[in-house]
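All remarks here apply to the structure that follows.
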Amino acid sequence: MQGISTYDAIVACGGIRPEGDAGSVRLLRGDQKLRLNIKLFLEGNPEEDMLTLPGDLIHVDPRWNVSTGRFLSGLLGLGTSAASLAVR
30 MQGISTYDAI VACGGIRPEG DAGSVRLLRG DQKLRLNIKL FLEGNPEEDM
80 LTLPGDLIHV DPRWNVSTGR FLSGLLGLGT SAASLAVR
């Protein structure tokens, strides 16, 4: 059974949110963790997209500045939005 592409699965779920890093996508397949760069795929590199299989999970990592903002908000006791604005 052939699945849909990782990119198409992401689009079907609403796409990558602004805080997501299109350059750091993981396709989790059993014990395998496959790294994909959807940003490169969109720039014309078809090797950065894979067909999904039943049971696969797709994880999009947060962008670095979003992760830093969340860390700072916890450290300083600020709200997430205040920390995100401060980091930008």
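Note that the numbering used here has the sequence shown beginning at 30, numbered continuously upward. For each residue, glycine too, the CB sits at the ideal point set by N, CA and C.
- Distance from D85 to R58 at the Cβ level is roughly 5 Å; contact confirmed, criterion being Cβ atoms closer than 8 Å.
- Going by DSSP, D90 is part of the beta strand (DSSP E) stretching over 86-91.
- Distance from P91 to E48 at the Cβ level is roughly 5 Å; contact confirmed, criterion being Cβ atoms closer than 8 Å.
- Counted as a single uninterrupted DSSP element, the alpha helix (DSSP H) harbouring D37 occupies residues 35-41.
- If you draw a 10 Å sphere on the C-beta of I33, you find fewer than 16 other C-beta atoms in it, and that means exposed.
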